[in-house]
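Participant:
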Amino acid sequence: MEEDRTPTGSIRLAIESRLENIPMVGVSVSRLCSLIPLDEIEASKVELCVVEALNNSIVHAYENLEGHEVETVFSFYPDKLVVHVCDAGKPMDERILRECALFPPDLDRLDIGDIPECGRGLGIIKSIMDSVEYRTKAGKNCLIMKKEIRTDV
Amino acid sequence: MEIRKETLEKATIVKLIGRLDASSSKKVKEAVKDLLDTNVRNVVFDMEGIDFIDSTGLGSLVAALRSVSKQGGEIKIAGLGERVRVIFELTRLHRIFDIYDNGAEAAASFS
C-alpha cells in the first residue's frame, strides 16, 4: 500500500469495532513478527503499537460504536515492516499526532494528581516505530507505522 | 483478564492474570473501588501473570494510584515480566510506582 516495492509478504486482518476483538489482531501480529528477524520483546512492542492504533480507531474514530470495520494490513519487506491501521470513522486531527508528547524523564517530580491517566497511546507508537504517518483519503483514515528491520544484529 | 485477591497481614495482594488492556482495565478500577469500600488501604498489584499491557491498562494503574493515595493508602507493583517492564520504562511509569520482584516482598515492605 503506497510502497514502491512489492512486499515480501502481506496480510489483511479485519475486525468489527469492538475492543474485545483487538487481542486477536494483537496476538496475530506478534506471531507474524516471528517470520522476520524481531526478537520476542520487539515483537511485543510492535503488537502494542497495533493495539494502540486499534484502540484509537474504535474509541475515537468510531466513538465506541460497534458494527464498523477496522482493518490492519501487515506487510514486511527485506528491510522493514509496515503496518496500516485503517478506519472509516471520524478523522483524527493530525496535530494530535504531530504534537503528542513523548514521556518526560522527570515524571517522578510531578504530583500524583498531575500524572495523566490517558493519552499515552500515540506517544508509545512514536517511541517504538521509526516513522508514523496519518492519512485521510476518500473517507478512509489510516495510521501508517514503519519499523526498520536491522539484520546486522 | 482474571483478578484474584489475597489478604495478608500488612496488605492485600491483587493478582492480575492475562491481558491488561482497553477491554479489561475497567476490572482494575472496580477491584480498587471494592478494596477502598472495605477500608483496604495497602495494595499490591502482582503482575506476574500479565503478559500484555497497553496504555489503557497503564492508565488504570495510574487511576488506582491516585484514588488509593487520596485515601491515605499506598500501591506497590510486583512481578513485572520483561515485556511489561519495558513498557513501564518506556512510559517512565517505573519512576512513579514502587516496583518489587514478587508479591510477598512488596507486601512485606509496608510498614
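From first to last, the protein sequence lines are chains X and D. Each residue of the first sequence is one higher than the one before, counting from -4 in the numbering used here. Each residue of the second sequence is one higher than the one before, counting from 1122 in the numbering used here. For every residue, glycine included, the Cβ atom is placed at its ideal position computed from N, Cα and C. Being a predicted model, the structure only gives us computed values, none of them experimental.
(1) With distances taken Cα to Cα, identify the nearest neighbour of Thr146(X) among Ser25(X), Lys75(X), His63(X).
(2) So what does DSSP say about Gly1139(D), is it helix, strand or coil?
(3) Between Leu1132(D) and the rest of its own chain, which residues show a CB-CB distance below 7 Å, the 5 nearest in sequence each way excluded?
(4) Going by DSSP in three states, Ile1199(D) sits in which element: helix, strand or coil?
(5) So Val46(X) contacts chain D; which residues on that side make the cut at Cβ distance below 7 Å?
(6) If you measure between the beta carbons of Cys113(X) and Gly1178(D), is that distance less than 7 Å?
(7) Along chain X, which residues have their Cβ under 9 Å away from the Cβ of Thr1212(D)?
(8) Figure out for me which residue from Arg1125(D), Leu1129(D), Val1189(D), Met1122(D) has the closest Cα to the Cα of Glu1226(D).
(9) Just to check my reading of the structure: Val127(X) and Phe69(X) have Cβ atoms closer than 8 Å, yes? What is that Cβ distance to the nearest angstrom?
(10) With 7 Å as the threshold, decide whether the Cβ of Glu11(X) is near any Cβ in chain D.
(11) Could you compute how far the alpha carbon of Asn50(X) sits from the alpha carbon of Ala1152(D)?
(12) Under 7 Å between C-beta atoms, does Asn59(X) make it to chain D?
(13) Taking 7 Å as the threshold (beta carbon to beta carbon), is Arg1204(D) in contact with chain X?
(14) What are the boundary residues of the alpha helix (DSSP H) that includes Glu47(X)?
Facilitator: A quick look at the data gives this:
(1) By 1-based counting over the first sequence, the position of residue 146(X) is 151. Checked all of Ser25(X), Lys75(X), His63(X); the closest Cα to Thr146(X) is Lys75(X).
(2) Reading the second sequence from its first residue, position 18 is the one you call residue 1139(D). Of the three classes helix, strand and coil, the one that applies to Gly1139(D) here is strand, per DSSP.
(3) Translated into the one-based positions of the second sequence, residue 1132(D) becomes position 11. One detail in the question is off: residue 1132(D) reads as Ala in this sequence, not Leu. Asn1163, Val1164, Val1165, Ala1228, Phe1231.
(4) As a position in the second sequence, residue 1199(D) is number 78, starting the count at 1. Rather than Ile, the amino acid found at residue 1199(D) in this sequence is Ala. Strand, per DSSP.
(5) For this step, residue 46(X) is matched to residue 51 along the first sequence. At a beta-carbon threshold of 7 Å, the residues of chain D lying near Val46(X) are Asp1142, Asp1175, ordered along the chain.
(6) Position 118 of the first sequence, counted from the start, is the residue given in the question as residue 113(X). Position 57 of the second sequence, counted from the start, is the residue given in the question as residue 1178(D). Cβ distance not < 7 Å, so Cys113(X) and Gly1178(D) don't count as in contact.
(7) As a first step, residue 1212(D) is located in the second sequence; it is residue number 91 there, counting from the start. Result: Phe98, Leu102, Arg115, Gly118, Ile119, Ser122.
(8) For the purposes of this step, residue 1226(D) is taken as the residue at position 105 of the second sequence. If we check each option's Cα against that of Glu1226(D), Leu1129(D) comes out closest.
(9) One-based indexing of the first sequence puts residue 127(X) at position 132. One-based indexing of the first sequence puts residue 69(X) at position 74. Not really, about 15 Å apart at Cβ, beyond 8 Å.
(10) For the purposes of this step, residue 11(X) is identified with residue 16 of the first sequence, where counting begins at 1. It does not: the Cβ of Glu11(X) has no partner Cβ on chain D nearer than 7 Å.
(11) Looking up residue 50(X) in the first sequence gives position 55. Looking up residue 1152(D) in the second sequence gives position 31. Their backbone Cα atoms lie some 23 Å apart in a straight line.
(12) Reading the first sequence from its first residue, position 64 is the one you call residue 59(X). Closer than 7 Å: no.
(13) The residue you call residue 1204(D) lines up with position 83 of the second sequence. For Arg1204(D), the answer is yes, since a Cβ of chain X falls inside 7 Å of its Cβ.
(14) The residue given as residue 47(X) occupies position 52 in the first sequence. Per DSSP, the unbroken alpha helix (DSSP H) holding Glu47(X) starts and ends at 35 to 51.
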